[in-house]
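First up is the structure itself, then whatever we jot down about it.
Numbering (our numbering), first residue to last: 114 to 385.
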């Protein structure tokens with residue numbers, strides 16, 4: 114397993130998206146929700162049949178003293194594993210030499226979005242079904258890139274993505290949660306979507322259940338959130354068009370139930 118700052122032209126991750134990645138919150142140099150990031154990366158390597166990095170190589174990604182921040186505080190670490198070079202066309206090399214890359218930068222969350230909530234839109238793009246790749250964070254994110262191009266309005270924080278059947282799956286870079294009947298829910302990701310690490314922790318603790326939410330029922334939910342393991346939990350207060358026109362409003366609760374559960378797992382304040 115080689116560790117490089119750059120990748121050569123023939124790297125399969127660059128050419129084909131043949132690899133996986135993780136985006137990890139570091140708090141004072143230590144990874145948050147690391148067991149879930151590690152598990153998802155190793156599962157992705159197994160699905161793609163890429164030899165996984167050693168434990169020592171993975172730990173070196175966050176133990177390295179290459180932080181650009183004078184006071185570490187909060188940082189974001191990105192880890193990329195590609196199959197490496199070789200093979201002819203799409204054919205994989207019989208004995209690949211994977212590449213492990215990592216980079217970390219200082220990070221500041223946006224507490225205003227925790228406190229005041231955000232506006233989201235529904236993207237026109239529909240996610241394709243590929244059960245083999247569902248859940249893992251592979252390098253081919255073109256669906257997310259194309260969906261993110263659908264809005265430019267500065268008031269829109271995220272775009273919601275549905276699958277071909279019109280069921281809500283995720284946001285462009287976050288998972289989705291909703292409240293109905295007092296229960297917290299998140300979409301099932303059996304056919305497509307990325308299984309986030311904060312989402313995994315909440316499911317493991319039994320605080321959230323998996324369910325289905327057709328876009329046609331989105332207007333009926335009691336509460337709606339978008340969240341991930343870096344930004345934390347953003348309550349959704351408005352559903353808008355890509356031009357910013359308000360389509361639906363949700364009240365901002367004085368005590369946010371999902372933030373109260375999720376933020377302590379990340380070291381963030383439980384409520385704002």
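Where a beta carbon is used, it is the ideal one built from N, C-alpha and C, also for glycine. Bear in mind that the values here come from a model prediction, so they are computed numbers and not experimental data.
Start-to-end residues for the alpha helix (DSSP H) that takes in residue i
{"i": "residue 335", "result": "Careful: residue 335 lies outside any alpha helix (DSSP H) and carries neither H nor E."}
{"i": "residue 358", "result": "Residue 358 -> no alpha helix (DSSP H), and no H or E assigned at all."}
{"i": "residue 153", "result": "147 to 161"}
{"i": "residue 196", "result": "Looking at the DSSP string, residue 196 is not in any alpha helix (DSSP H), and its letter there is neither H nor E."}
{"i": "residue 126", "result": "125 to 129"}
{"i": "residue 121", "result": "Careful: residue 121 lies outside any alpha helix (DSSP H) and carries neither H nor E."}
{"i": "residue 170", "result": "168 to 176"}
{"i": "residue 222", "result": "First-last for residue 222: undefined, no H or E at that position."}
8 Å Cβ shell around residue i - same chain, five flanking residues per side excluded
{"i": "residue 263", "result": "234, 236, 237, 238, 272 and 355"}
{"i": "residue 226", "result": "270, 344 and 347"}
{"i": "residue 254", "result": "130"}
Cα-Cα separation between residue i and residue j, rounded to whole angstroms
{"i": "residue 172", "j": "residue 333", "result": "44 Å"}
{"i": "residue 190", "j": "residue 298", "result": "28 Å"}
{"i": "residue 204", "j": "residue 167", "result": "25 Å"}
{"i": "residue 362", "j": "residue 349", "result": "8 Å"}
{"i": "residue 296", "j": "residue 128", "result": "43 Å"}
{"i": "residue 280", "j": "residue 302", "result": "10 Å"}
{"i": "residue 229", "j": "residue 365", "result": "7 Å"}
{"i": "residue 240", "j": "residue 258", "result": "12 Å"}
Contacting residues, own chain, Cβ-Cβ under 6 Å from residue i (five flanking each side not counted)
{"i": "residue 370", "result": "none"}
{"i": "residue 261", "result": "285"}
{"i": "residue 359", "result": "351 and 353"}
{"i": "residue 126", "result": "132, 195 and 252"}
{"i": "residue 310", "result": "146, 149, 150 and 342"}
Close Cβ partners of residue i (< 7 Å) along its chain, the five nearest in sequence each way excluded
{"i": "residue 382", "result": "376"}
{"i": "residue 250", "result": "133, 134, 135, 153, 157 and 307"}
{"i": "residue 372", "result": "227, 346, 383 and 384"}
Residue range of the unbroken beta strand (DSSP E) whose run includes residue i
{"i": "residue 219", "result": "212 to 219"}
{"i": "residue 365", "result": "Looking at the DSSP string, residue 365 is not in any beta strand (DSSP E), and its letter there is neither H nor E."}
{"i": "residue 132", "result": "132 to 140"}
Beta-carbon spacing of residue i, residue j below 8 Å
{"i": "residue 328", "j": "residue 284", "result": "no"}
{"i": "residue 211", "j": "residue 202", "result": "no"}
{"i": "residue 218", "j": "residue 342", "result": "no"}
{"i": "residue 330", "j": "residue 300", "result": "no"}
{"i": "residue 137", "j": "residue 175", "result": "yes"}
Any non-hydrogen atom of the ligand NAD closer than 7 Å to residue i Cβ
{"i": "residue 173", "result": "The ligand NAD is not among the ligands present in this structure, which contains no ligands whatsoever."}
| query | Unbroken beta strand (DSSP E) runs of length 3 or more, entirely within the stretch 294 to 327: which are they? | reply | If you keep only unbroken beta strand (DSSP E) runs of at least 3 residues inside the stretch 294 to 327, you get 296 to 300 and 322 to 324.
| said: Runs of 4 residues minimum, wholly inside the stretch 231 to 297: which ones carry the alpha helix (DSSP H) assignment? | reply: Restricting attention to alpha helix (DSSP H) runs no shorter than 4 residues, the stretch 231 to 297 encloses them at 255 to 261, ordered along the chain.
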